[in-house]
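Novice: Have a look at this one before I ask anything.
The following block contains the structure:
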């Protein structure tokens, strides 16, 4: 199975994630990943100094807002099914204590 791991990793990093509305590779590098078949025909774009810092900061802000929007959507779905718990004095309850 270990010989298939690089392909699985490539697939995961280039799959669309709804929470960030992009693939992890695209979110990190600001462009879609090109497979090795296309590498010969495309030149690399160079970013330097303040330009790369500015672009990276913009991407981070965008991803954080998208993740927050995804959390809000998931919370609203969970809240629809949530029922308020009501306890009376003397009711026995179980308490989960985690280390």
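In full-length UniProt numbering, the protein residues as written are 1 to 99. Glycine residues also receive a C-beta, built at the ideal position from the N, C-alpha and C atoms.
1. Cβ of residue 19 within 7 Å of Cβ of residue 67?
2. Please tell me whether residue 15 and residue 23 are closer than 7 Å, where the distance is taken between their beta carbons.
3. Tell me which residue opens and which closes the alpha helix (DSSP H) that residue 75 is part of.
4. Only counting the same chain, and skipping five residues up and downstream in sequence, which positions put a Cβ closer than 8 Å to that of residue 40?
5. I need the boundaries of the alpha helix (DSSP H) containing residue 98, first residue and last residue.
Specialist: In short:
1. yes
2. yes
3. 49-81
4. Any reading at residue 40 is ruled out, since the residue's pLDDT is 46, under 50, leaving its predicted position unreliable.
5. Neither: residue 98 is in no alpha helix (DSSP H) and is coded neither H nor E.
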